[in-house]
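One structure below.
Below you can see the structure in the form of structure tokens.
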């Protein structure tokens with residue numbers, strides 16, 4: 001059966017919603033939700049708000065998928081930091 005729920009991002013920003021009143025099956029921790037048909041601006045308009053690494057990107061085309069951008073890790077966020085000793 002489906003449940004009505006909001007899909008929220010992982011920040012403390014009050015407008016961090018990916019969808020409101022979505023009909024989804026019961027989900028478990030670790031399940032993955034695909035956000036489809038979002039266009040070309042998802043990565044370009046993303047930021048490192050609250051020091052969050054950017055997610056991986058997967059291209060779905062003609063029923064096939066392929067990874068087109070690796071998920072960032074925290075080393076990427078720290079690489080350009082300049083810390084005085």
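Numbering (the UniProt record's numbering), first residue to last: 1 to 85.
Backbone N, C-alpha and C fix where the C-beta goes; we use that ideal spot for every residue, glycine too.
Predicted model only: the values in this text are computed from it and were never measured.
Secondary structure at residue 58, three-state DSSP: helix, strand or coil?
Correct three-state label for residue 58: strand.
Taking residue 44 as the reference, which of 69, 78, 31, 4 has the closest Cα?
If we check each option's Cα against that of residue 44, 69 comes out closest.
Between the alpha carbons of residue 17 and residue 32, how many angstroms are there, rounded?
In this structure, the straight-line span from the alpha carbon of residue 17 to that of residue 32 is close to 16 Å.
Coil, strand or helix - residue 42 by DSSP:
Judged by DSSP in its simplified three-state form, residue 42 adopts helix.
Which of helix, strand or coil does DSSP assign to residue 80?
Note: residue 80 maps to coil in three-state DSSP.
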